[in-house]
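Residue numbers (UniProt numbering), protein chains in the order written: chain G, 1 to 306; chain C, 1 to 276. We treat Cβ as the ideally placed atom computed from N, Cα and C, and that holds for glycine. Notes for the one structure printed next.
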Amino acid sequence: MSDKTALPVGAEAIRDKGYWLAYRFLILRRLSQSFFLSLFLLGPWFGIWWVKGNLSGSLTFNVLPLTDPFISLQSIVAGHWPEMTALIGALIVGAVYALIGGRVYCSWVCPINPVTDAASWLHRKLDLPKGWQPKRGTKYFMLAMVLGVSVLTGTVAWEFVNPISMLHRGLIFGVGFAWALVIGVFLFDLVLARRGWCGHLCPVGAFYGLLGGKSLLRVSALERAACDDCMDCFAVCPEMQVITPALRGKDADSPLILSPDCTNCGRCIDVCSVNVFHFTHRFDETPAPGRVRDRTNPAPKVGKAA
Amino acid sequence: MSATSTQPKSPARRRFLQDAARGTAGCAVAGMSLAWFVQDARALPDRAIRPPGALPEDDFLAACIRCGLCVRDCPYDTLVLAELGIDGAATGTPFFTARDVPCEMCEDIPCVVACPTGALDHELTDIDDSRMGLAVLIDQENCLNALGLRCDVCYRVCPVIDEAITLERRHNERSGHHAIFMPVVHSDHCTGCGKCEKSCVLPGEAAIKVLPIRVAQADQAEHYKRSWDENTPLVDEIIDLPDRLPGTGTDNLAAPGGFEPTFKLPQGATTGGVGQ
Ligand code: SF4
Ligand code: SF4
Ligand code: SF4
Ligand code: SF4
Numbered sequence: 001m002s003d004k005t006a007l008p009v010g011a012e013a014i015r016d017k018g019y020w021l022a023y024r025f026l027i028l029r030r031l032s033q034s035f036f037l038s039l040f041l042l043g044p045w046f047g048i049w050w051v052k053g054n055l056s057g058s059l060t061f062n063v064l065p066l067t068d069p070f071i072s073l074q075s076i077v078a079g080h081w082p083e084m085t086a087l088i089g090a091l092i093v094g095a096v097y098a099l100i101g102g103r104v105y106c107s108w109v110c111p112i113n114p115v116t117d118a119a120s121w122l123h124r125k126l127d128l129p130k131g132w133q134p135k136r137g138t139k140y141f142m143l144a145m146v147l148g149v150s151v152l153t154g155t156v157a158w159e160f161v162n163p164i165s166m167l168h169r170g171l172i173f174g175v176g177f178a179w180a181l182v183i184g185v186f187l188f189d190l191v192l193a194r195r196g197w198c199g200h201l202c203p204v205g206a207f208y209g210l211l212g213g214k215s216l217l218r219v220s221a222l223e224r225a226a227c228d229d230c231m232d233c234f235a236v237c238p239e240m241q242v243i244t245p246a247l248r249g250k251d252a253d254s255p256l257i258l259s260p261d262c263t264n265c266g267r268c269i270d271v272c273s274v275n276v277f278h279f280t281h282r283f284d285e286t287p288a289p290g291r292v293r294d295r296t297n298p299a300p301k302v303g304k305a306a
Numbered sequence: 001m002s003a004t005s006t007q008p009k010s011p012a013r014r015r016f017l018q019d020a021a022r023g024t025a026g027c028a029v030a031g032m033s034l035a036w037f038v039q040d041a042r043a044l045p046d047r048a049i050r051p052p053g054a055l056p057e058d059d060f061l062a063a064c065i066r067c068g069l070c071v072r073d074c075p076y077d078t079l080v081l082a083e084l085g086i087d088g089a090a091t092g093t094p095f096f097t098a099r100d101v102p103c104e105m106c107e108d109i110p111c112v113v114a115c116p117t118g119a120l121d122h123e124l125t126d127i128d129d130s131r132m133g134l135a136v137l138i139d140q141e142n143c144l145n146a147l148g149l150r151c152d153v154c155y156r157v158c159p160v161i162d163e164a165i166t167l168e169r170r171h172n173e174r175s176g177h178h179a180i181f182m183p184v185v186h187s188d189h190c191t192g193c194g195k196c197e198k199s200c201v202l203p204g205e206a207a208i209k210v211l212p213i214r215v216a217q218a219d220q221a222e223h224y225k226r227s228w229d230e231n232t233p234l235v236d237e238i239i240d241l242p243d244r245l246p247g248t249g250t251d252n253l254a255a256p257g258g259f260e261p262t263f264k265l266p267q268g269a270t271t272g273g274v275g276q
């Protein structure tokens, strides 16, 4: 472990770039999450009905229908062909996320994200063991399972238990015992499995990941040559396995983070004190030489410290 | 096949198979739990009435995305979304409780118009055609009208008065010389709006209640013909028996034009004794 990995995560970034640049995307993300939630709350709380409904389906300014494409898909395999309004809404949402990255939903909109982020933060503070780490593919099994159960039961199956829509709908329409599920997700991530829910199990995240598999907006480790192995990006990234191929790639490898698992949350951009990462588009071919390793600049032996 | 079976399995391949088996087994367990939970949670309580135009419950749960747009566009705040563990209906699906807030049967049916998915059927354009449930006079012991009073409230408030609900005159056996005006609901016109239940004057529970049609109505007995509905005779060639009408030429004393028998019964003998 090098000296730098011993520093608290993000300390260098704050020192070198200042508080704003070291937390920019985190702050913007919280603002975005609050923004989307408050749009829905304006109606029930203040009587301003710009947006009606919830994340499953909504109507904005009485003209723009938006529908969750994953819920619509479950509805279709369950045997109901939705009315045009819902289909158009699902197409719009689907197209937007296909363009900007499916899991942008996860990090910029989903109301469960602050919950799992809080769990992960506390997990790091308490230095708990990482616990059960299901295989990365598990969430795709979950996705297939949900669609299978939808077919078998003829219902929109995931909506019976989905903590995302229960929390969101709960805040807008009345929550009932949905709190239990939200607390459950928090405890699961905190105690049982670090970053367990969003990254490994949630079929909604899996669906949006696949949806944005070829999305335009991507993070790139453009300045990877400058990386000083502080490992902070790995510590903050909810899907740390996506960083390695880009950051540790050779000259010929693309510096773009192309994995559909990347949520485009931008925390790696924040936390890197030497500004390795940038938002760019998937066709960005700016040359990004890999790091030169020689005797004066040896590869640090961090191994699996992440 | 034969080539691989003779070679030792590679550890990678073995691990892959193990992982795949584990993943499949885990998901099968999760899937069965979810399926069980769905089956359990889909049972709709009898007091939860779906909005107008709602598809049959099985189709409804495939169609409704639980967005609540129907709830938002209901001007009377009749509809609510079920809350987990508090309301019995599947969480997040819309319903109403007639005794709390009934459906006012809006002419433009805004809830149906608002539904983006068709879980509330857009074919429903005349609210009188909706069948949210069926009112049933369930407590015929405490209903004031059934006791012989003239409450009539459920009848008066019905938006389809005299068609969905009528007052049927019966003899009041208790007093012997009064009438009872029984509220009677007719399924061919009752929309299940619940206004009658809401307005029933009894404290607490109503004597008349809207129930889901699946609870309120029995299946028609196929093997009993309703001769008054269908004109087809039971037997194709019906045997025509001579009619004996009251009137001249019969021995019916009570009918006008009947005649006295030619013989006289002995004094004191009862008619029951004839033919001894
Ligand atoms: S790679 Fe960066 S942007 Fe993508 S999920 Fe990780 S921290 Fe967020
Ligand atoms: S508007 Fe339609 S899809 Fe939305 S909650 Fe109501 S019935 Fe369900
Ligand atoms: S529910 Fe009651 S008020 Fe409504 S139509 Fe039926 S009988 Fe009339
Ligand atoms: S309102 Fe209630 S008590 Fe009155 S007649 Fe109707 S059912 Fe009976």
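Is residue i near ligand 3, going by C-beta to nearest heavy atom under 7 Å?
i             : result
V160/C        : yes
residue 278/C : Since the first and last residues shown for chain C are 1 and 276, residue 278/C lies out of range.
T24/C         : no
T191/C        : yes
C196/C        : yes
V104/G        : no
I165/C        : yes
With residue i as the anchor, note down where its alpha helix (DSSP H) starts and where it stops.
i      : result
L59/G  : Counting along the chain, L59/G falls outside any alpha helix (DSSP H), though it belongs to the beta strand (DSSP E) covering 57 to 60.
K139/G : 138 to 153
R124/G : 113 to 126
L73/G  : 69 to 77
I183/G : 178 to 187
L167/C : Run containing L167/C: none in the alpha helix (DSSP H); it sits in the beta strand (DSSP E), 165 to 172.
L211/C : From DSSP, L211/C is part of no alpha helix (DSSP H) but of the beta strand (DSSP E) over 208 to 211.
W20/G  : 11 to 46
D232/G : 232 to 236
Y97/G  : 84 to 100
C154/C : 153 to 157
T244/G : 243 to 247
D270/G : 267 to 271
V204/G : 203 to 211
Starting from residue i, trace the beta strand (DSSP E) in both directions and tell me its first and last residue.
i      : result
V136/C : 134 to 137
F181/C : 178 to 185
R218/G : 217 to 220
V51/G  : 51 to 54
F279/G : 278 to 281
H168/G : Where H168/G is concerned, there is no enclosing beta strand (DSSP E), although the alpha helix (DSSP H) it sits in stretches over 163 to 173.
Is the beta carbon of residue i within less than 7 Å of some heavy atom of ligand 2?
i             : result
P44/G         : no
P94/C         : yes
R169/G        : no
I172/G        : no
C103/C        : no
residue 281/C : There is no way to answer for residue 281/C, as the model of chain C reaches only from 1 to 276.
G57/G         : yes
C106/C        : no
T67/G         : no
For residue i, I'd like the list of residues in its chain whose CB is within less than 8 Å of its CB, leaving aside the five on either flank, ordered along the chain.
i      : result
L61/C  : R42, A90, T93
S2/C   : Here S2/C scores only 45 on pLDDT, less than 50, and its place in the model is too uncertain to base an answer on.
V215/C : D46
A306/G : With a pLDDT of only 40 at A306/G, under 50, the local geometry of the prediction cannot be trusted, and the value read off the model is given with reservation. Same-chain partners within the cutoff: M231, F234, A235, M240.
A164/C : A135, C158, V185, H186, H189, C190, T191
Whose C-beta lies closer than 7 Å to the C-beta of residue i among residues of the same chain, with five residues either side of it excluded?
i      : result
V115/G : V182, V185, F186
G53/G  : L59
V77/G  : L147, S150, V151
A157/G : Q74, V146, V149, S150
Y23/G  : D270
R99/C  : E197, K198, A206
Is the shortest distance between the beta-carbon of residue i and the beta-carbons of chain A less than 8 Å?
i      : result
G204/C : Considering every chain present, this structure includes no chain A. Its protein chains are G and C.
Can you name, in chain order, every residue of its own chain whose Cβ lies under 6 Å from the Cβ of residue i, other than the five neighbours on each side?
i      : result
L216/G : L99, H281, R282
M189/G : Sequence check: residue 189/G is Asp here, not Met. Excluding sequence neighbours, D189/G sits near T116, A119, G196, W197.
T4/C   : Caution applies to T4/C, whose pLDDT of 48 falls short of 50 and renders its modelled position unreliable; the model cannot decide the point.
A207/C : D139, N142, C143, C200
N62/G  : none
Any chance the region 83 to 93 of chain C sits against the region 172 to 184 of chain G, with 3 or more Cβ pairs inside 8 Å?
-> Three or more beta-carbon pairs separated by less than 8 Å link the region 83 to 93 of chain C to the region 172 to 184 of chain G, which places the two stretches in contact.
Any contact of the region 27 to 39 of chain G with the region 94 to 107 of chain C, i.e. 3+ C-beta pairs under 8 Å?
-> Output reads no: the region 94 to 107 of chain C does not touch the region 27 to 39 of chain G.
Between the region 133 to 140 of chain C and the region 67 to 83 of chain C, are three or more C-beta pairs nearer than 8 Å?
-> With the cut-off at 8 Å, the region 133 to 140 of chain C and the region 67 to 83 of chain C do not touch.
Can you find at least 3 beta carbon pairs, one from the region 245 to 262 of chain G and one from the region 214 to 233 of chain G, that sit closer than 8 Å?
-> Pairwise C-beta distances place the region 245 to 262 of chain G in contact with the region 214 to 233 of chain G, as three or more of them are shorter than 8 Å.
How do the region 48 to 63 of chain C and the region 115 to 133 of chain C stand: do at least 3 beta-carbon pairs fall below 8 Å, yes or no?
-> Because the criterion of three Cβ pairs below 8 Å is met, the region 48 to 63 of chain C and the region 115 to 133 of chain C touch.
Which runs of the alpha helix (DSSP H) spanning at least 4 residues fall entirely within the region 25 to 96 of chain C, listed in chain order?
-> DSSP assignment within the region 25 to 96 of chain C yields the following whole alpha helix (DSSP H) runs of 4 residues or more, N-terminal first: 57 to 63, 69 to 73.
Cβ pair count under 8 Å reaching 3, the region 259 to 274 of chain G against the region 5 to 19 of chain G = Here the region 259 to 274 of chain G makes contact with the region 5 to 19 of chain G; the two share three or more CB pairs at distances below 8 Å.
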